[in-house]
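According to the numbering used here, the first sequence is numbered sequentially starting from -15. All C-beta atoms, glycine included, are put in the ideal place defined by N, C-alpha and C. Nothing here was measured: the structure is a model prediction, and the numbers come from that model. For reference, the structure is listed below as structure tokens.
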Amino acid sequence: MATIELFNTLGGKTEPLTPVGGPALRMYCCGPTVYDYGHIGNFRTFLHVDVLRRFVRQQGIPVNHVMNITDVDDKIIRNAAAAGVPIAQYTARYERAFFEDLDALNIEHPEHFSRATGCIPEMVTLIEKLAAKDIAYKTEDGSWYFRIARFPEYGKLSKKDFDGIEDGARVDVDEYEKDAARDFALWKAVKPGEQSWDTPLGTGRPGWHIECSAMATKLLGDDIDLHAGGEDLMFPHHENEIAQSESASGNPFVRHWMHVRFLLVEGRKMSKSEGNFYTLRDLLLKGYRASAIRFLLISVPYRNQMNFTFDSLTESTNAVDRLRTFHQRMLKDGFAEGLNADIAAATAKAEQDYTAALANDLNTAEARAAIFDLVRAANSAADAGSLRAENATQILRVLALFDGVFAVLEDRDAAITRAALAWAEVEGRIDEAAPELVATLSFSDADIDALVAERTQAKKTRNFARADAIRNDLLAKGILIEDSKDGVRWKRK
RNA sequence: GCACCGGUGGCGAAGUGGCUAACGCGCUGGUCUGCAAAACCAGUAUUCAUGGGUUCAAAUCCCAUUCGGUGCUCCA
-15 MATIELFNTL
-5 GGKTEPLTPV
5 GGPALRMYCC
15 GPTVYDYGHI
25 GNFRTFLHVD
35 VLRRFVRQQG
45 IPVNHVMNIT
55 DVDDKIIRNA
65 AAAGVPIAQY
75 TARYERAFFE
85 DLDALNIEHP
95 EHFSRATGCI
105 PEMVTLIEKL
115 AAKDIAYKTE
125 DGSWYFRIAR
135 FPEYGKLSKK
145 DFDGIEDGAR
155 VDVDEYEKDA
165 ARDFALWKAV
175 KPGEQSWDTP
185 LGTGRPGWHI
195 ECSAMATKLL
205 GDDIDLHAGG
215 EDLMFPHHEN
225 EIAQSESASG
235 NPFVRHWMHV
245 RFLLVEGRKM
255 SKSEGNFYTL
265 RDLLLKGYRA
275 SAIRFLLISV
285 PYRNQMNFTF
295 DSLTESTNAV
305 DRLRTFHQRM
315 LKDGFAEGLN
325 ADIAAATAKA
335 EQDYTAALAN
345 DLNTAEARAA
355 IFDLVRAANS
365 AADAGSLRAE
375 NATQILRVLA
385 LFDGVFAVLE
395 DRDAAITRAA
405 LAWAEVEGRI
415 DEAAPELVAT
425 LSFSDADIDA
435 LVAERTQAKK
445 TRNFARADAI
455 RNDLLAKGIL
465 IEDSKDGVRW
475 KRK
């Protein structure tokens, strides 16, 4: 059992991650705003949180993980109005898509999901608590704001010093009623035509930051072990959560803060205007596999800026293939009884290195390297005929450990891609799908098996021309045939 | 503009003061194969953006320049 060291934004250094209030690690992760399909940047964050929760559990610590679903905010209101539908109807579709995407990427579901619109009473109670202390105040239009002057520690997470900010500076013309420029909205007064809730605070809707404070406290208490999110959320979102929660409870809100760095795409910031903005679905339609996308996004440690490129996506596809091929090889019977001591040592070292790497601030790159070291050593021994049955058993156990976090060995890719194609069909976006993808998937496994059998028959009669024709034909449709000592296998490229 | 983070082989990417600079992919040659594929072996950065400095010793520390990113404003 390793002690997990994790960088804590609050202290600015790596600290042991340990549950305090009970056996389980109580963690909260800022979830999606369901106004559009999730992009690979969103999923880099969710994937690294998945790596964390999987590894924590692997180390014997149960987790109680909460993720919010923001289903009311400015963008949602704007987009729903543009589409002419109620916001609940608008968000339902993207929420469903989000869950499908989580499953495609093999991201474990948190123990609790919580919708913002399902926790309005809790938010109201929290704001009332702040109002009773005169930390929340109401403006003439009926909105409520948080009085930052009453929270001297403001800025402690993002290490910002706001002394230079003039109290009462008028910077935002829309919010001229605030007492101070930095004061942020807790509750927004209703505007004509907008979705609103009638509450003791007045008629309106919640501000953005209050939902996380209310939901985290409701489900995990007011003293949480870990809170995670993308680096951009550090300020102002998380800073505001701290201010609200700690002002209300009087004690530290969260012990450990984890922030995942942004990624670049082809060396540039990902943005729609750069033309390098990709949702998960965009990539699936281009023919990239869900497993390769997962593997790539978690291969670079979460605190490093990663450069997402299509070359590296191909690299990941091949790397995952190699792991799967190796896994199949170890599953095959036929190794002689006994144990090769050198390989046993290499296996033990791989397990040690893997665990040490992840325990060291989730160094996924080194954990990956540890497993590939084992793959090479074991393949080499297997080629030389010196790998024994007991080695295979041990190696499979270490592979299972590795896959408990990386989660790419099971091949669900074709099914996921089929689902994406079906979705594209419904959405009228099937023309975006790579043509060879459609061709490959139009072949059923049974079709392929039949052709492979025909080729094997042709080979037996030494009709190599026919055998090669079948192989080339399938290859052109993205299906690769491999002959091995143990028989023929095929896979979709 | 101010603050912070980073620039490591063809590509992705570990390593942050001291053994031959991990690992993956790619490429070249070899083994195996009817031919391939898979797998293995060998080769593929005397060097870590550039220039200076500190040190017995630097990719790792310091300064400058340059490029990329983030925050200061909605954003994973």
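From the options, residue whose alpha carbon lies closest to that of residue i
i       : options                            : result
Leu425  : Leu269, Ser142, Ala81 and Gly25    : Leu269
Ile194  : Leu203, Pro220 and Gln228          : Gln228
Ala200  : Asp55, His96, Leu(-10) and Gly388  : His96
Arg278  : Arg287, Leu297, Phe135 and Asp266  : Leu297
Leu170  : Pro190, Asp182, Asn456 and His222  : Pro190
Ala460  : Gln441, Arg446, Ala434 and Leu421  : Leu421
Gly22   : Val40, Ala81, Asn(-8) and Leu(-10) : Ala81
Leu110  : Gly462, Ile432, Ile226 and Val244  : Ile226
Glu416  : Gly271, Ala115, Thr(-7) and Lys175 : Gly271
Asn235  : Thr263, Met254 and Gly205          : Gly205
Asn(-9) : Ala164, Asp345 and Ala212          : Rather than Asn, the amino acid found at residue -9 in this sequence is Phe. Of Ala164, Asp345 and Ala212, the residue nearest in Cα terms is Asp345.
Phe237  : Ala76, Asn224 and Ile414           : Asn224
Tyr396  : Asp305, Asp337 and Met218          : Sequence inspection shows Arg at residue 396; the Tyr mentioned does not correspond to that position. Selected option, being the one with the closest Cα: Asp305.
Leu383  : Asp431, Ala325 and Arg308          : Arg308
Ala362  : Asn347, Gln378, Thr348 and Ala349  : Gln378
Lys316  : Thr17, Lys(-3) and Ala373          : Ala373
Lys144  : His222, Pro70 and Arg239           : His222
Val50   : Thr17, Trp407, Ser142 and Cys196   : Cys196
Ala368  : Pro0, Glu178 and Phe319            : Phe319
Gly15   : Leu9, Phe39, Asn48 and Arg99       : Arg99
Phe27   : Glu335, Phe310, Leu185 and Leu247  : Leu247
Ala332  : Gly213, Arg252, His311 and Ile355  : Ile355
Leu435  : Pro419, Arg446 and Asp452          : Asp452
Met483  : Lys113, Cys13, Asp470 and Asp429   : What the structure shows of the chain is the stretch from -15 to 477, and residue 483 is not part of that stretch, so it cannot be assessed.
Thr187  : Gly126, Asp216, Glu215 and Lys256  : Gly126
Leu(-6) : Val249, Leu141 and Lys202          : Leu141
His311  : Ala198, Leu393 and Ala418          : Leu393
Ala115  : Asp85, Lys(-3) and Pro184          : Pro184
In DSSP terms, what residue i is bridged to
i       : result
Thr187  : Asp182
Leu248  : Lys253 and Asn291
Tyr262  : Tyr262 pairs with nothing; no bridge assigned.
Leu210  : Met11 and His240
Phe(-9) : Thr(-2)
Ser98   : Asn52
Ala120  : Phe130
Phe168  : Phe130
Val472  : Asp467
Ala173  : Gly188
Beta-carbon proximity list for residue i, same chain, < 8 Å, skipping 5 on both sides
i      : result
Arg402 : Leu425
Ile496 : Beyond the ends of the chain as shown, which are -15 and 477, falls residue 496; an answer cannot be given.
Ala330 : Asp357, Leu358, Ala361 and Ala362
Asp156 : In this predicted model, Asp156 has a pLDDT of only 43, less than 50, meaning its place in the structure is not dependable; the value taken from the coordinates is given anyway. Excluding positions up to five away in sequence, the list reads Lys162 and Ala165.
Leu31  : Leu89, Ile91, Arg278, Leu281 and Ile282
Beta-carbon separation (whole angstroms), residue i vs residue j, contact threshold 8 Å
i      : j      : result
Pro3   : Asp209 : 5 Å
Asp55  : Ile91  : With a Cβ gap of about 19 Å, Asp55 and Ile91 do not count as contacting.
Ala88  : Leu264 : 7 Å
Trp192 : His211 : With a Cβ gap of about 15 Å, Trp192 and His211 do not count as contacting.
Gly388 : Gln43  : The Cβ separation is near 11 Å, so there is no contact.
Arg10  : Asn52  : The pair is not a contact, with the Cβ atoms about 14 Å apart (cut-off 8 Å).
Beta-carbon proximity list for residue i, same chain, < 7 Å, skipping 5 on both sides
i      : result
Glu438 : Ile454
Tyr74  : Ile60, Asn63, Ala64 and Ala67
Ile119 : Phe130, Arg131, Arg134 and Ser231
Asn479 : Since the first and last residues shown for the chain are -15 and 477, residue 479 lies out of range.
Ala343 : Ala(-14), Thr(-13), Ile(-12) and Glu(-11)
Arg352 : Ser283
Asn347 : Pro285 and Ala341
Asn260 : Val249, Glu250, Arg252 and Met254
Ile327 : Ala361, Ala362, Ala365, Leu371 and Asn375
Lys202 : Cys103 and Glu106
Gly5   : Gly205 and Asp207
Sequence-distant residues of its chain with Cβ nearer than 6 Å to residue i (five each side left out)
i      : result
Arg441 : What sits at residue 441 in the sequence shown is Gln, not Arg. Hits under 6 Å: none found.
Val284 : Met290
Met314 : Ala376, Ile379 and Leu380
Ile104 : Trp181
Leu17  : Reading off the sequence, residue 17 comes out as Thr, not Leu. Here the set comprises Thr54 and Asp57.
Ser300 : Ala276, Phe279 and Leu280
Gly214 : Thr29 and Val244
Val174 : Ser180, Thr187 and Gly188
Asp85  : Gly22 and Leu264
3-residue-minimum beta strand (DSSP E) runs that sit fully inside the region 6 to 81, ordered along the chain: 9 to 13 and 47 to 53
Alpha helix (DSSP H) runs contained entirely in the region 368 to 421, provided each spans 4 or more residues: Entirely contained in the region 368 to 421, the alpha helix (DSSP H) runs reaching 4 residues are, in chain order, 373 to 390 and 397 to 411.
Contained alpha helix (DSSP H) runs [length at least 4] in the region 313 to 376, N- to C-terminal order: DSSP runs (the alpha helix (DSSP H)) wholly in the region 313 to 376: 325 to 343 and 348 to 368.
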